[in-house]
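In UniProt numbering, the protein residues as written are 1 to 169.
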């Protein structure tokens, strides 16, 4: 199918004017909280920034990827994990604050990983429930195991394809 799910989500967020605008707005909001005394966002502000960004992307400027796959803001663990990933990529990072470019990379990392995690959860719920339903119908109709197996395979492939295609936003 080409790109992996996380790359597809990252590309969708990177190329989204709504996401870019929300990142800029959130960055400005964080600077306002420190009364513009610093040129960037401190790590302790990132959890608040994630909540603010999520609010913008679900209520103010809805982004389909976020509204469909991320009903609640990312957790503190996800915020910290995204910060570690961005810091690992920027071995030459200067200072203790995140400038606008690093902040945007952090936001993309955070929301891409959170969306992919929720997609994985959804697949793990949808596929077994569908398989159980198909197996139940197969048992009631006394269909052969080959027929039930083929229907299960087609169903699982259909669910996976449907979810994968929805990740482009």
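For every residue, glycine included, the Cβ atom is placed at its ideal position computed from N, Cα and C.
DSSP, read as helix, strand or coil, puts residue 167 in coil. DSSP lists 41 as the beta-bridge partner residues of residue 98.
In the structure shown, residue 13 adopts helical secondary structure according to DSSP, grouped into three states. Taking C-beta atoms as the reference points, residue 74 and residue 22 fail to come closer than 7 Å. Shortest Cα-Cα distance from residue 28 to any of 137, 61, 49 involves 49. For the pair residue 107 and residue 167, the CB atoms are not nearer than the 7 Å cut-off. When C-alpha distances from residue 39 are compared across 96, 72, 8, the shortest belongs to 96.
One alpha carbon belongs to residue 137, the other to residue 164, and they sit about 27 Å apart. Around the beta carbon of residue 37, a 10 Å sphere encloses fewer than 16 other beta carbons of the protein chains shown; the residue is thus reported as exposed. In the displayed model, residue 88 falls within a helix according to three-state DSSP. DSSP, reduced to helix, strand and coil, places residue 120 within a helical segment of the structure shown. Distance from the CA of residue 45 to the CA of residue 76, rounded to the nearest whole angstrom, comes to 11 Å. For residue 156, the CB contacts under 6 Å within the same chain, skipping 5 residues up- and downstream, are 127 in chain order. With a threshold of 16 other beta carbon atoms within 10 Å, residue 132 falls short and is exposed.
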